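For the sequence shown, counting from 1, position 173 maps to 173 in UniProt numbering; every step adds exactly one.
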Amino acid sequence: MWNPKATGARWRLGAMAVSLIGSMSLSPAAMAKDLWELYSAAQRTNGNWAGQQYDYLATQKNVQLAFGDMLPQVGLQGSVKHNQFYPKDDNIPDTGNTASQIGIGLRQALFRADKWANYEKAVLAGQANDIQLLQQHQQLIEQISKAYLNVLRAEAMTDSLNAEFTALKAQNDMMQARLAQGVAARVDTEESRARLESVSASIANNDVAIVNAKQQLSLLTGQPINQLDSIKLPLDLNLVASQSIENWMQQSQNNNLDIQLAQTQVAIANKQVDYLKANLYPRVDLVGNVGWQDYTHNNQSAIDGTNYSFGVEVDFPFYTGGRTRAGVEQGNLQAQAAKSRLAYVYQAAMTQTSQAYLNLVAQRATIKAQQTAVEANRRVAQASKTGYDLGVRSMVDTLLAERQYHAAKRDLINAYFDYLNAYIDLQKAAGNLTDDTVKVLDNQLI
Numbered sequence: 001m002w003n004p005k006a007t008g009a010r011w012r013l014g015a016m017a018v019s020l021i022g023s024m025s026l027s028p029a030a031m032a033k034d035l036w037e038l039y040s041a042a043q044r045t046n047g048n049w050a051g052q053q054y055d056y057l058a059t060q061k062n063v064q065l066a067f068g069d070m071l072p073q074v075g076l077q078g079s080v081k082h083n084q085f086y087p088k089d090d091n092i093p094d095t096g097n098t099a100s101q102i103g104i105g106l107r108q109a110l111f112r113a114d115k116w117a118n119y120e121k122a123v124l125a126g127q128a129n130d131i132q133l134l135q136q137h138q139q140l141i142e143q144i145s146k147a148y149l150n151v152l153r154a155e156a157m158t159d160s161l162n163a164e165f166t167a168l169k170a171q172n173d174m175m176q177a178r179l180a181q182g183v184a185a186r187v188d189t190e191e192s193r194a195r196l197e198s199v200s201a202s203i204a205n206n207d208v209a210i211v212n213a214k215q216q217l218s219l220l221t222g223q224p225i226n227q228l229d230s231i232k233l234p235l236d237l238n239l240v241a242s243q244s245i246e247n248w249m250q251q252s253q254n255n256n257l258d259i260q261l262a263q264t265q266v267a268i269a270n271k272q273v274d275y276l277k278a279n280l281y282p283r284v285d286l287v288g289n290v291g292w293q294d295y296t297h298n299n300q301s302a303i304d305g306t307n308y309s310f311g312v313e314v315d316f317p318f319y320t321g322g323r324t325r326a327g328v329e330q331g332n333l334q335a336q337a338a339k340s341r342l343a344y345v346y347q348a349a350m351t352q353t354s355q356a357y358l359n360l361v362a363q364r365a366t367i368k369a370q371q372t373a374v375e376a377n378r379r380v381a382q383a384s385k386t387g388y389d390l391g392v393r394s395m396v397d398t399l400l401a402e403r404q405y406h407a408a409k410r411d412l413i414n415a416y417f418d419y420l421n422a423y424i425d426l427q428k429a430a431g432n433l434t435d436d437t438v439k440v441l442d443n444q445l446i
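In structure tokens, the structure reads:
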């Protein structure tokens, strides 16, 4: 199946591969900290992406190789041979001659169904190569975007834990002072101290998570990761225009790269059947040769001269031991396998698109619910502190309310980042994960 999207993108892909490879040795003078700059740096320095582009350019040469096989094949031929004869009879003199030949040979395919089918298959393989490079580019966008968000998520978690630690530290200091004055029970101070130590341990663990997330982002971008932009609040919950799930499914049908690649692979498998069937047809070639020969110690007028030969060669496979028939049957089975894989890939793409869309909608609702929960838990925590001061609440109640408040804040943080990740997943499933996606995400940072 001819893929117009892949064919139309070929020049753009080739230019992208050449330009990006050509700029690999360049590095930004300033340390990048926003998502777009790190993404741009990754396109210049990511070794895996560079290797994929070299593979792309190398594979594209297969079309030229297949086309060149149908053009005239011209070669220079030559030889020098010396023959010497030594008779047993001494009365007969030794004889010898030297033959020199040089010529130009030509072979041109006149009717070669196998070569034409091989060329068409190479063109389809080139389209598949285009799609694979786009897939790899999407993977790079997804990896860098999510790695960047993972760093911001871990840092936001540490900020929340530090805020909780500060609040608990002030509360613990107050309890210690009250204990010294004899107006607080020791069990209350122990509860406060235990919660403080628990949060301190969580901060230490999260610091390790930040280091790991930064190392992963640095690996992908080839840049040192220090200070990054932070998420802009309140988060824009309308990154995706309101439209029905059916519209997203239609976009996925038209743009999903997995579907396009599977369709192209079906076309390649069908063309392979044509290539195998070509062995049933005669092969007709035009052949020609012009040669110049020179013999020494012989009659030059009879031997020396120029030789011209032109003709048509026909090779008709009459019996091949059943190999041709078996090959065609094998090709048909492989074509059926490709069609079955296409059906599965199509269903998988539709499922992924549906799940990504529903997840995005769910995360949007979760954010709104968590915003309400944070405010409610803040009021409960404040009321619990007041109640403890008035003697109507225990320290356990106060610490529990404080913990629930900060836990609600962290749930809201996770909801923000889950929403952004869901946006990335939906764009990928619909085949829309491009540089524009990175720019949209970058606009959500400050």
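Glycine included, C-beta positions come from ideal geometry on N, C-alpha and C. The structure displayed is predicted, hence computed values, not measured ones.
Nearest residue (CA-CA) to residue i, options the options
i, options, result
"M157", "Y423, K428, K409, D236", "K409"
"Q167", "Q253, A381, A326", "Note that residue 167 corresponds to Ala in the displayed sequence, not to Gln. The residue with the shortest Cα to Cα distance from A167 is A381."
"G103", "G126, T95, V74", "V74"
"N332", "D285, S252, Q272, Q347", "Q272"
"A170", "R186, L152, R195", "R195"
"Q143", "T59, N62, G288, K214", "K214"
"T366", "S394, G391, D418", "D418"
"L219", "Y416, L412, N48", "N48"
"Q251", "I268, K428, E375, L133", "K428"
"Y148", "R283, D34, V240, K88", "D34"
"Q260", "Q334, G96, Q127", "Q127"
"E313", "Y388, L106, R393", "L106"
"Q43", "Q84, Q139, P72", "Q139"
"L152", "A66, F165, E120, N206", "N206"
Neighbour flag for residue i against chain B, beta carbons, 8 Å
i, result
"A408", "This model lacks chain B altogether, as it is built from one protein chain only."
Collapsed DSSP secondary structure at residue i in the structure displayed
i, result
"Q73", "strand"
"S244", "coil"
"V396", "helix"
"A99", "strand"
"L433", "coil"
"R195", "helix"
"T306", "strand"
"R111", "The sequence shown places Phe at residue 111, rather than the Arg named in the question. In the structure shown, F111 sits in a strand (DSSP, three-state: E or B)."
"Q293", "strand"
"K169", "helix"
"N256", "coil"
"F85", "strand"
"D94", "coil"
"T320", "coil"
"E164", "helix"
"L33", "The sequence shown places Lys at residue 33, rather than the Leu named in the question. The answer is coil: DSSP assigns K33 none of H, G, I, E or B."
"L65", "helix"
"G47", "helix"
"N226", "coil"
"G126", "helix"
"L217", "helix"
"G391", "coil"
"G182", "coil"
"L426", "helix"
Beta-ladder partner(s) of residue i, from DSSP
i, result
"L235", "Partner(s): none; L235 has no beta bridge."
"D285", "A109, E313"
"S79", "Q101"
"L57", "Answer by DSSP bridge pairing: none, since L57 is not bridged."
"L445", "I231"
Cα-Cα separation between residue i and residue j, rounded to whole angstroms
i, j, result
"D435", "D114", "41 Å"
"L426", "L76", "59 Å"
"L280", "P317", "7 Å"
"Q371", "A348", "34 Å"
"R112", "Q265", "24 Å"
"A209", "A154", "6 Å"
"Q223", "L342", "39 Å"
"L235", "A177", "41 Å"
"R378", "Y39", "38 Å"
"A337", "Q330", "11 Å"
"Q108", "V440", "55 Å"
"D90", "T306", "37 Å"
"T437", "V63", "33 Å"
"Y275", "L110", "17 Å"
"residue 526", "G327", "Residue 526 lies beyond the residue range present for the chain, which begins at 1 and ends at 446; the question has no answer from this structure."
"S145", "D442", "9 Å"
"L237", "R364", "6 Å"
"Y319", "R325", "10 Å"
"R345", "I446", "Per the sequence presented here, residue 345 reads as Val, with Arg not at that position. When rounded, the distance between both Cα atoms is 39 Å."
"R393", "A204", "31 Å"
"N212", "Q263", "39 Å"
Query raised in the report: Are at least three pairs of beta-carbons, each pair with one atom in the region 215 to 229 and one in the region 95 to 102, less than 8 Å apart?
Result: For the pair of segments examined, the region 215 to 229 was found not to touch the region 95 to 102: the number of CB pairs separated by less than 8 Å stays below three.
Query raised in the report: How about the region 345 to 362 and the region 282 to 290: do they share at least three Cβ pairs that are nearer than 8 Å?
Result: By the Cβ test, the region 345 to 362 is not in contact with the region 282 to 290, since fewer than three Cβ pairs between them sit closer than 8 Å.
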